[in-house]
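Colleague: Below: one structure in C-alpha cells.
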Amino acid sequence: MNVLDSPRSPGRPPGPSTTRERVLRAAAASFHEHGYEKTTLRGIARTVGVDVSTVAYHGGAKHELIARALALDVAPAELLDRALSVPRDQVPAALVRVVTVAWADESRRRPVELLLSTALTDPRVGAACRSYLEVEVVRRLAETIGGRDATTRALAVVSLVVGVFVTRHSLGLAPQVPVDEPLRSLVPLIGSILDGRSS
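Going by full-length UniProt numbering, the sequence shown opens with residue 1, and the numbers climb by one from there.
Structure follows, in C-alpha cells:
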C-alpha cells in the first residue's frame, strides 16, 4: 500500500493537543450529534473547558466554525498534497485515487455530507465553505498546475469531483454502479483540463 492508498493515520498525533484542535474536535462532535442549529459556541466552550471568546477566537462565528471543524476530519489540503506528490502526468489518476480512498472512509465522508447539506440551507455556511475551498484547494491546485486560466481549470476539476460526490452520496443516484467507477471515468477529462487541453 502506497501513500496514495493509505487512509489517515488513526488516532491523535503524539503530544498534547492544542486548544485550537480541542475546540475544533469538540465542535465537529457537536455538529454531528446535534446538527447545525442546535450547536452553540457556549456548549462547545463548556465541553472544552474554555470561555466562549476562546471558541470564537479559534473557530470564528458558528457558520465559519462548522467549515473549519469538519475540514479537520476531511483534510482536503492533505488529500490534495498526496495527489500532487506524484509526477505531473500521474496527477489525474492520483487525485481520483485519494478521493476514492477518502470517500470509502465513513469518518471522512460523513462530515462532507453534513457540511454540504448545511451549506445548502444556510447561505453563511455556504459562503464559509466556498472561502475555505477556494483557499485550501482551488488556489493551491491552480498554483501547482500554473499556466493560462489556471484558476478556472482548477475550479473545473474541483467542481467535477464535488459533483460526483453529491450525485452519488447525497442524492444516491445509480447505486448499482460501483462507487469508484464514475470518478475513474473522469481521469482523462481531468488530465485534459489540468493540461489546458479542454477547449
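Heads up, the beta-carbon is just placed ideally off N, CA and C, and yes, glycines get one too.
With contact counted as at least three CB pairs below 8 Å, one residue from each stretch, are the stretch 67-77 and the stretch 106-113 in contact?
Modeller: The stretch 67-77 vs the stretch 106-113: in contact.
Colleague: Would you kindly report the start and end of the unbroken alpha helix (DSSP H) that includes Ala29?
Modeller: Note, Ala29: alpha helix (DSSP H), Thr19 to Lys38.
Colleague: Once you ignore the five residues that flank Leu194 on each side, which residues in its own chain have a CB closer than 7 Å to its CB?
Modeller: Val91, Pro92, Ile145, Arg153 and Val157.
Colleague: Got a sec? Which residues, its chain only, sit under 6 Å from Gly191 by beta carbon, not counting five neighbours each side?
Modeller: Excluding sequence neighbours, Gly191 sits near Pro92.
Colleague: Can you find the residues in the same chain that come closer than 6 Å, C-beta to C-beta, to Pro175, ignoring five residues on each side of it along the sequence?
Modeller: Excluding sequence neighbours, Pro175 sits near nothing in its chain.
Colleague: How long is the line joining the alpha carbons of Glu181 and Thr118, rounded to whole angstroms?
Modeller: Rounded to whole angstroms, Glu181 to Thr118 spans 27 Å at the Cα level.
Colleague: Is the beta carbon of Glu106 within less than 7 Å of some heavy atom of the ligand GDP?
Modeller: Ligands in the displayed structure: none, and consequently the ligand GDP is not present.
Colleague: Over the uninterrupted alpha helix (DSSP H) stretch that includes Thr100, give me the two end residues.
Modeller: Unbroken alpha helix (DSSP H) run through Thr100: Val91 to Ala104.
Colleague: Are the CB atoms of Val164 and Leu183 within a distance shorter than 8 Å?
Modeller: Yes, the Cβ-Cβ distance between Leu183 and Val164 is below 8 Å.
Colleague: Contact defined as beta carbons within less than 8 Å: I believe Arg140 pairs with Leu80. What is the distance between those atoms, to the nearest angstrom?
Modeller: With 8 Å as the limit, Arg140 and Leu80 qualify as a contact, their Cβ atoms being about 6 Å apart.
Colleague: Please name the residue in Glu106, Leu155, Gly49 and Arg168 whose C-alpha comes closest to that of Ala142.
Modeller: Nearest of Glu106, Leu155, Gly49 and Arg168 to Ala142, Cα basis: Leu155.
Colleague: Just verifying my parser: in three-state terms, what is the DSSP assignment at Pro182?
Modeller: In this structure, Pro182 counts as helix in the three-state DSSP scheme.
Colleague: Arg168: buried (16+ other C-beta within 10 angstroms of its C-beta) or exposed?
Modeller: The residue in question, Arg168, is buried, as its Cβ has 16 or more Cβ neighbours within 10 Å.
Colleague: Kindly indicate which three-state DSSP category Ser117 falls into: helix, strand or coil?
Modeller: Three-state DSSP puts Ser117 in a helix.
Colleague: Can you list, in chain order, the residues of its chain whose CB lies under 8 Å from that of Lys62, leaving out five sequence neighbours each side?
Modeller: Cβ within range, chain order: Tyr36, Thr39, Thr40 and Leu41.
Colleague: Tell me whether Gly172 sits in a helix, a strand or coil according to DSSP, three-state version.
Modeller: Three-state result, Gly172: coil.
Colleague: Can you tell me where the alpha helix (DSSP H) with Asp81 in it begins and where it stops?
Modeller: Per DSSP, Asp81 belongs to the alpha helix (DSSP H) from Pro76 to Ala83.
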